[in-house]
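In the order they appear, the protein sequences are chains A and B. Start counting the first sequence at 1403; every next residue gets the next number (the numbering used here). Start counting the second sequence at 1403; every next residue gets the next number (the numbering used here). Just below is one structure, and these are the notes that go with it.
Protein chains: 2
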Amino acid sequence: MKLIIFLTMFCVSHLYSNELLKQSQAIFQAIPSSYEALNKVIDNPQNKLSKEKVKLGKMLFFEPRLSKSGFISCASCHNLSLGGVDGLSTAVGHRWTKNPHHLNSPTVYNAVLHKMQFWDGRSKDLEDQAKGPIEAGPEMAAPKELVVSKLKSIPEYVKLFKKAFPKDKEPDFDNTAKAIAAFERTLVTPSRFDEYLKGDEDALSAQEQTGLKKFINKGCASCHSGIGVGGSMKQMFPLVKPYKYANIGDFNDGKPGMVKVPGLRNIALTGPYFHNGAVWSLEEAVEIMAETQLGQKFSKEDVSDIVAFLKSLSGDTPKIEIPTLPRYTKSTPIPEL
Amino acid sequence: MKLIIFLTMFCVSHLYSNELLKQSQAIFQAIPSSYEALNKVIDNPQNKLSKEKVKLGKMLFFEPRLSKSGFISCASCHNLSLGGVDGLSTAVGHRWTKNPHHLNSPTVYNAVLHKMQFWDGRSKDLEDQAKGPIEAGPEMAAPKELVVSKLKSIPEYVKLFKKAFPKDKEPDFDNTAKAIAAFERTLVTPSRFDEYLKGDEDALSAQEQTGLKKFINKGCASCHSGIGVGGSMKQMFPLVKPYKYANIGDFNDGKPGMVKVPGLRNIALTGPYFHNGAVWSLEEAVEIMAETQLGQKFSKEDVSDIVAFLKSLSGDTPKIEIPTLPRYTKSTPIPEL
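As structure tokens, then:
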């Protein structure tokens, strides 16, 4: 009799658990394991991936000479050692200028999985996005003509651009951004949640599964969905109640407005949180989201379960060997501090 | 008869060349190839190298949270992708402060081979040197108490310090510097010149050997000698004629003074040159040294030959995978931009 009760409980619990898996598979997608399937997800038909492009793009991602000062590279604010972010509330750039809209640097890891880039979602892909910070005065402050003249002055770059873009004669700004984007497209970090989505229910602990269930049932997943666990849509922020640390007017003339829903992969590694990086605790970030977006007050247990689930989204970062960058020549424009 | 003439010429030329090798071996030393011999050169009895120390030190070298702002790490100015320097005339640091003495960031590659550190040679080893920039207001601006409280607040660092320094209870500032120095001690870059010094005369081209001969005979090697091709002594600068771009008073109250003779390994990769980074061309740097230190005017051919030799000192940098740094906790002090 005891055995029958046990088996019944086991089956009910298994069915219940299996239902959560099916529900999750309908809302999210795993990062594929096979090279071919992954390539379909990360490739851009307008900027086909190639080894040569990724190699060049990695160099350019780490290249501080893409900035006017020669001191700031993409990697300065999208620090690949720190979850792809700078770990600061407000991004800092050329001549220590803080982002004039108090914006926090988003991560480059898994950004390829998003349908839009920048906090206001104005950019459709990484190729378009990569140009922005290079030219922006408060970031790298380098006019595209300066960038191109630096790259053209260094024979090794000229060669590498020819290999990466055989149809083009010499480095140009579009191809600079395309190469950087190609490298960034490789920066995906599969996690235990992907193993779960692929059917391994043991990949998530009981608390993580409880957190996942709450994340779905309480409404978080209505925006944070898809392969990026977010990153696929914009949403009004704040929606129900005011945001206590400022409002979205930080970049929308002081009024609530439409904001990109950030992807939550690696969220435990990419604090501080929100567009203005005002919140350092992931628990508090979950509480605030519940209030501002869902009009709910989560219990401590709910927050703890959801945070446990969110931590299961921390993935393995790819191994990245730092590139060796070529020397300047006599015709390379000198950095302007 | 022709054969005899040829053989005689060959032997004379070989003898001549062999004499240069012997002379070079008396002045310089090769970076050893074997692990044991290399270890004798790079190890510090007061800070014995260990895998655990080097692993931790690499993380700390790339750790921007060692700075007050959370934005600047050792790697910011000693960029391992750019020959271990920042490629700027004047070092820039906390809140974009330029070095108040207009000093140029020296390379970390092969600094372990030097007998003193900093431009004025005030520091006897890397363990002592590593503390300076962390605390200096115009560099990383982090008081040691702040550094230690940040490290203590991150459990992964506490564990790694215990592994690296089993006798010590918790992270402290001395051990932070020791770990960084341990990593830096591994940053040596053997070059073709080392192959030459070990007896492979074909490792240097004819012009490079001519340049080496001139480098010795014209007096450059009287200061730039030893395993670091410099880095072993201080010398008055300028010695014979004034330095045209400023004087050593940049850090000596406006008067000529004793300056560390920089090591010339990788010199072709570590411009701009001199303590104030005023010279971008290696050719011009050689001309200036001839004038200010030797009271000579080198011919164009001399400069070209010596520069050819100097380029043979560009070595292979070690493969470095970027580290993953641990997340902050609730008790980690927040960065102060």
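Where a beta carbon is used, it is the ideal one built from N, C-alpha and C, also for glycine.
Rounded distance between the beta-carbons of residue j and residue i, thought under 8 Å
{"i": "B:R1467", "j": "B:K1552", "result": "5 Å"}
{"i": "B:P1725", "j": "A:S1483", "result": "6 Å"}
{"i": "A:T1591", "j": "A:D1704", "result": "With 8 Å as the limit, A:T1591 and A:D1704 do not qualify as a contact, their Cβ atoms being about 26 Å apart."}
{"i": "B:E1723", "j": "A:E1586", "result": "About 18 Å; that fails the 8 Å criterion."}
{"i": "B:K1517", "j": "B:G1633", "result": "6 Å"}
CB contact below 8 Å: residue i versus chain B
{"i": "A:A1710", "result": "no"}
{"i": "A:S1683", "result": "yes"}
{"i": "A:S1701", "result": "no"}
{"i": "A:I1690", "result": "no"}
{"i": "A:T1509", "result": "no"}
{"i": "A:K1713", "result": "no"}
{"i": "A:N1481", "result": "yes"}
{"i": "A:A1670", "result": "yes"}
{"i": "A:I1556", "result": "no"}
{"i": "A:T1719", "result": "yes"}
{"i": "A:D1488", "result": "yes"}
{"i": "A:L1739", "result": "yes"}
{"i": "A:I1740", "result": "Beyond the ends of chain A as shown, which are 1403 and 1739, falls residue 1740 of chain A; an answer cannot be given."}
Which residues DSSP lists as bridging residue i, in chain order
{"i": "A:G1495", "result": "A:T1499"}
{"i": "B:F1639", "result": "B:G1659"}
{"i": "B:Q1519", "result": "B:S1525"}
{"i": "B:G1534", "result": "In DSSP, B:G1534 forms no bridge with anything."}
{"i": "A:V1681", "result": "A:Y1675"}
{"i": "A:F1430", "result": "A:G1628"}
{"i": "B:E1723", "result": "A:E1723"}
Length of the line joining the Cα atoms of residue i and residue j
{"i": "B:S1525", "j": "B:C1476", "result": "17 Å"}
{"i": "A:F1575", "j": "A:A1532", "result": "10 Å"}
{"i": "A:K1580", "j": "A:G1459", "result": "8 Å"}
{"i": "A:V1549", "j": "B:L1490", "result": "17 Å"}
{"i": "B:Q1611", "j": "B:Y1598", "result": "10 Å"}
{"i": "A:T1578", "j": "B:T1588", "result": "33 Å"}
{"i": "A:K1450", "j": "A:R1729", "result": "28 Å"}
{"i": "B:G1486", "j": "A:I1536", "result": "23 Å"}
{"i": "B:F1473", "j": "B:E1465", "result": "9 Å"}
{"i": "B:L1528", "j": "A:K1615", "result": "53 Å"}
{"i": "A:Q1448", "j": "B:H1504", "result": "46 Å"}
{"i": "A:L1715", "j": "A:L1671", "result": "10 Å"}
{"i": "B:E1421", "j": "B:P1557", "result": "59 Å"}
{"i": "B:G1742", "j": "B:K1636", "result": "There is simply no residue 1742 of chain B to check, as chain B begins at 1403 and stops at 1739 in what is shown."}
{"i": "A:F1617", "j": "A:S1507", "result": "25 Å"}
{"i": "A:K1657", "j": "A:A1687", "result": "21 Å"}
{"i": "A:T1499", "j": "B:W1498", "result": "9 Å"}
{"i": "B:M1691", "j": "A:D1522", "result": "55 Å"}
{"i": "B:V1681", "j": "B:M1461", "result": "33 Å"}
{"i": "A:Q1427", "j": "A:S1701", "result": "26 Å"}
{"i": "A:P1355", "j": "A:N1619", "result": "In this structure chain A extends from 1403 to 1739, so residue 1355 of chain A is not present and cannot be described."}
Min CB distance residue i to chain A below 8 Å
{"i": "B:P1725", "result": "yes"}
{"i": "B:R1667", "result": "no"}
{"i": "B:R1587", "result": "no"}
{"i": "B:V1494", "result": "yes"}
{"i": "B:F1463", "result": "no"}
{"i": "B:P1545", "result": "no"}
{"i": "B:K1526", "result": "no"}
{"i": "B:W1498", "result": "yes"}
{"i": "B:L1484", "result": "yes"}
{"i": "B:P1466", "result": "yes"}
For residue i, the nearest candidate out of the options (CA to CA)
{"i": "A:P1434", "options": "A:S1469, A:N1501 and A:L1515", "result": "A:L1515"}
{"i": "B:K1470", "options": "B:G1489, B:G1539 and B:N1506", "result": "B:G1539"}
{"i": "B:G1630", "options": "B:L1641, B:P1644 and B:V1663", "result": "B:V1663"}
{"i": "B:V1510", "options": "B:D1522, B:F1520, B:V1494 and B:H1480", "result": "B:H1480"}
{"i": "B:D1445", "options": "B:W1521, B:I1669, B:A1583 and B:A1544", "result": "B:A1583"}
{"i": "B:D1707", "options": "B:Q1695, B:L1727, B:G1717 and B:L1684", "result": "B:L1684"}
{"i": "B:H1677", "options": "B:M1660, B:H1496, B:E1603 and B:S1452", "result": "B:M1660"}
{"i": "B:N1512", "options": "B:F1520, B:K1455 and B:N1668", "result": "B:N1668"}
{"i": "B:P1640", "options": "B:T1694, B:G1523 and B:P1557", "result": "B:T1694"}
{"i": "B:V1384", "options": "B:L1606, B:S1733, B:H1496 and B:P1658", "result": "Here chain B covers residues 1403 to 1739 and nothing more, so residue 1384 of chain B does not appear."}
{"i": "A:S1627", "options": "A:P1644, A:L1666, A:V1681 and A:S1555", "result": "A:L1666"}
{"i": "B:K1455", "options": "B:G1523, B:P1568, B:S1555 and B:A1544", "result": "B:P1568"}
{"i": "A:F1595", "options": "A:L1712, A:P1735 and A:K1565", "result": "A:L1712"}
{"i": "B:P1674", "options": "A:M1518, A:K1565, A:T1499 and A:T1731", "result": "A:T1731"}
{"i": "A:A1543", "options": "A:V1494, A:S1436, A:D1570 and A:F1585", "result": "A:V1494"}
{"i": "B:G1621", "options": "B:K1699, B:D1604, B:A1566 and B:L1562", "result": "B:K1699"}
Cβ of residue i within 8 Å of any chain E Cβ
{"i": "B:R1594", "result": "Although the question refers to chain E, the structure presented lacks it and instead comprises the protein chains A and B."}
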